[in-house]
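Here is the structure we will look at.
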Amino acid sequence: MPHILDAPKDDAAIHSLCFRTGYSERSFPERIQVSVERGIEGERWLHDPWLKRADGQPDPRIQVSILSLRVMNLCWRDRVNTVHPGDTMIADLDMTEANMPVGTKLQIGSAVIEVSDKFNTACAKWKARYGIDSLAWINHRPNRPLRLRGVLCRVVVDGEIRATDRIHKLP
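Going left to right, the sequence shown walks through residues 54 to 224 as this note's numbering numbers them.
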């Protein structure tokens, strides 16, 4: 846990970008376009989100996800036979509520995203891929403020995010 909590608080490097056109489908582009209206351009969120609003529209609170590189490295052991977690960004960044409370705005490239109030508990796929112990660790009540499964965000300023960009917290 000390290693995870020692992640940079700001000015964090992106390890990789992930683009998902469908379930368990992954590509790792050098750049993605994001917009307030469509989330990640061309990704499945607009047509097949796992969370919808009462009116049936995709919930914008889950447009972008960021997973800690340090947590991913602990949980994703078999990289040959197990699919990548699928988060939009893997970054070496402190995801804790203390460092990034709900509403924190992050500048990434020319885009700005905002940490949402939707907590990422992981899902049945996480349990199947990375194990019940991993899922239990993420959701263990004392660990919840650490956001070990990462943060979910909504786009607040359209823009381009490149794999070489850094994540900066805005005041």
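In this text, a Cβ means the ideal position worked out from N, Cα and C, and glycines have one as well.
Computed from a predicted model, the values in this text were never measured in an experiment.
Which of helix, strand or coil DSSP assigns to residue i
i, result
"L199", "helix"
"A151", "coil"
"K62", "coil"
"L159", "strand"
"K222", "strand"
"S80", "strand"
"A181", "helix"
"R73", "coil"
Residue i: first and last residue of the uninterrupted alpha helix (DSSP H) it sits in
i, result
"L58", "P55 to L58"
"L205", "First-last for L205: V204 to V210, but that is the beta strand (DSSP E), not the alpha helix (DSSP H)."
Presumed contact (8 Å Cβ cut-off) between residue i and residue j, rounded CB distance
i, j, result
"I220", "L146", "6 Å"
"A164", "V210", "6 Å"
"T174", "C71", "The Cβ separation is near 19 Å, so there is no contact."
"M125", "R200", "Actually they are not in contact, since the Cβ atoms of M125 and R200 sit about 13 Å apart, beyond 8 Å."
Opening and closing residue of the beta strand (DSSP E) in which residue i lies
i, result
"L70", "A65 to L70"
"A164", "A164 to V168"
Neighbourhood of residue i by C-beta distance below 6 Å, restricted to the same chain and skipping five residues each side
i, result
"R207", "P113, R114, Q116, E167 and S169"
"R2", "The requested residue 2 does not occur in the structure, where the chain is confined to residues 54 to 224."
Close Cβ partners of residue i (< 8 Å) along its chain, the five nearest in sequence each way excluded
i, result
"K180", "S187 and L188"
"K105", "P111 and D112"
- Message: Ignoring anything shorter than 4 residues, give me the alpha helix (DSSP H) runs that lie fully in the region 84-146, in order along the chain.
- Response: Here the runs fully enclosed are 122-128.
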